[in-house]
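Trainee: This is the structure I want to talk about, given as structure tokens.
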């Protein structure tokens with residue numbers, strides 16, 4: 042039985058909540074870096090450092106408007122900066138490696154073992170099912186198609202299509218309005234405390250924080266930690282099955 046019978050709609054984050062994005066990213070990066078002198082051992086640290094400086098703050102830069110629509114330009118720029126950090130100045134190579142990385146990452150993307158079971162159980166409850174995900178419009182739509190789950194959702198909210206993303210409170214206001222339910226009847230399921238759990242809790246939603254051992258970006262050294270912000274997730278789970286415990 043669902044942990045709260047008063048819930049009337051459930052929203053899921055996509056990357057590293059329903060599918061193993063960072064694991065697929067590692068495979069994609071190894072695919073391209075193993076072909077360079079020094080291999081992944083040499084190039085992954087360069088990529089991680091450039092990711093932290095370039096991508097982490099992209100919303101505050103001129104790159105953001107283009108990033109919302111299409112993943113390629115910023116992906117190529119990240120690869121160009123990575124190559125520069127390793128002493129290679131080759132824009133054409135950066136574009137080729139970026140495209141190869143995206144293709145390998147998409148090919149390695151898989152749902153977590155319990156994801157379809159969980160989505161089926163939510164569908165059986167006859168309540169609206171949403172996905173709320175950040176990222177470029179084309180990349181996130183491609184991920185949903187690759188995973189074969191796009192048609193399972195009653196509503197899909199993608200940062201690149203909305204023009205803003207989590208943790209912007211407007212995201213949760215729009216999602217609540219779309220299903221016509223009060224905030225206290227909604228559940229947000231996600232792996233990111235800062236992007237999924239904290240803003241949903243502030244909006245009055247119930248929250249399920251999914252914490253997996255695999256959920257560490259190549260640019261990070263440890264899992265995300267909860268700050269001392271006075272908020273408490275409704276549930277903290279190892280995987281999605283715990284929603285129905």
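In my numbering, the protein residues as written are 42 to 286.
Every residue, glycine too, gets a C-beta built ideally from N, C-alpha and C.
Tell me, to the nearest whole angstrom, how far the beta carbon of residue 244 is from that of residue 171; I am working on the premise that it is less than 8 Å.
Mentor: Residue numbering aside, residue 244 sits at position 203 when the chain shown is read from its first letter. Residue numbering aside, residue 171 sits at position 130 when the chain shown is read from its first letter. The Cβ separation is near 13 Å, so there is no contact.
Trainee: Determine the DSSP secondary structure at residue 205, reduced to helix, strand or coil.
Mentor: Position 164 of the chain shown, counted from the first residue, corresponds to residue 205. Correct three-state label for residue 205: coil.
Trainee: What separation, rounded to the nearest whole angstrom, lies between the Cα atoms of residue 218 and residue 264?
Mentor: Position 177 of the chain shown, counting from 1, holds the residue named residue 218. Position 223 of the chain shown, counting from 1, holds the residue named residue 264. Looking at the two C-alpha atoms, the distance is approximately 33 Å.
Trainee: Applying the 10 Å Cβ sphere with the 16-neighbour rule, what's the burial state of residue 42?
Mentor: In the chain shown, the residue the question calls residue 42 occupies position 1. Residue confidence for residue 42 is low, a pLDDT of 41 falling below 50, so the modelled location carries little weight and cannot support an answer.
Trainee: Could you check which residue in 128, 227 and 211 has the C-alpha nearest to that of residue 168?
Mentor: Counted from its first residue, the chain shown places residue 168 at position 127. Answer by Cα proximity: 227.
Trainee: Residue 246 lies in the alpha helix (DSSP H); which residues open and close that run?
Mentor: Position 205 of the chain shown, counted from the start, is the residue given in the question as residue 246. Careful: residue 246 lies outside any alpha helix (DSSP H) and carries neither H nor E.
Trainee: Quick one: what's got a C-beta closer than 7 Å to residue 256's C-beta in the same chain, skipping five residues either side?
Mentor: Stepping through the chain shown from its first residue, residue 256 is reached at position 215. Answer for residue 256: 57, 63, 232 and 264, listed in chain order.
Trainee: Going by the DSSP bridge assignment, what does residue 199 pair with across the sheet?
Mentor: Translated into positions along the chain shown, residue 199 becomes position 158. BP columns for residue 199 point to 174.
Trainee: Taking Cβ to Cβ, would you say residue 199 is nearer than 8 Å to residue 149?
Mentor: Numbered from 1 along the chain shown, position 158 holds the residue referred to as residue 199. Numbered from 1 along the chain shown, position 108 holds the residue referred to as residue 149. Contact flag unset, no.
Trainee: Do the CB positions of residue 182 and residue 66 come within less than 8 Å of each other?
Mentor: What you label residue 182 is simply residue 141 of the chain shown in a count that begins at 1. What you label residue 66 is simply residue 25 of the chain shown in a count that begins at 1. No, the Cβ-Cβ distance between residue 182 and residue 66 is not below 8 Å.
Trainee: Nearest-angstrom Cα distance between residue 284 and residue 48?
Mentor: Start at 1 with the first residue of the chain shown, and residue 284 comes out as number 243. Start at 1 with the first residue of the chain shown, and residue 48 comes out as number 7. So the alpha carbons of these two residues sit roughly 12 Å apart.
Trainee: Alpha carbons only, please: which of 84, 93 and 81 is nearest the one belonging to residue 258?
Mentor: Residue 258 sits at position 217 when you count from the first residue of the chain shown. For residue 258, the nearest C-alpha among the options comes from 93.
Trainee: Do residue 109 and residue 177 count as a contact pair if the criterion is CB distance below 8 Å?
Mentor: Numbered from its first residue, the chain shown carries residue 177 at position 136. Numbered from its first residue, the chain shown carries residue 109 at position 68. Their beta carbons are under 8 Å apart, which means residue 177 touches residue 109 by this criterion.
Trainee: Taking buried to mean at least 16 other C-beta atoms within 10 Å of its own C-beta, is residue 237 buried or exposed?
Mentor: The residue labelled residue 237 in the question sits at position 196 within the chain shown. Buried.
Trainee: Is residue 269 buried or exposed, if buried means 16 or more other CB atoms sit within 10 Å of its CB?
Mentor: Residue 269 sits at position 228 when you count from the first residue of the chain shown. By the 10 Å Cβ count, residue 269 comes out exposed.
Trainee: Taking 7 Å as the limit between beta carbons, can you name the residues of its chain near residue 213, skipping five residues before and five after?
Mentor: Here residue 213 refers to the residue found at position 172 of the chain shown. Here the set comprises 240, 241, 244 and 246.
Trainee: Could you tell me which of 201, 102 and 220 sits nearest to residue 112, measuring between CA atoms?
Mentor: By one-based count along the chain shown, residue 112 stands at place 71. That would be 201, whose Cα lies nearest to the Cα of residue 112.
Trainee: Look at the alpha carbon of residue 78 and the alpha carbon of residue 134, and state the distance between them as a whole number of angstroms.
Mentor: Translated into the one-based positions of the chain shown, residue 78 becomes position 37. Translated into the one-based positions of the chain shown, residue 134 becomes position 93. Looking at the two C-alpha atoms, the distance is approximately 13 Å.
Trainee: Under the three-state reduction of DSSP, which class applies to residue 120: helix, strand or coil?
Mentor: Residue numbering aside, residue 120 sits at position 79 when the chain shown is read from its first letter. It is helical.
Trainee: Do the stretch 87–105 and the stretch 115–123 make contact, defined as three or more Cβ pairs closer than 8 Å?
Mentor: In short, these stretches touch, since the Cβ pair count reaches three.
Trainee: Between which two residues does the beta strand (DSSP E) harbouring residue 231 extend?
Mentor: On the chain shown, position 190 is the one that residue 231 refers to. From DSSP, the beta strand (DSSP E) with residue 231 extends over 227–231.
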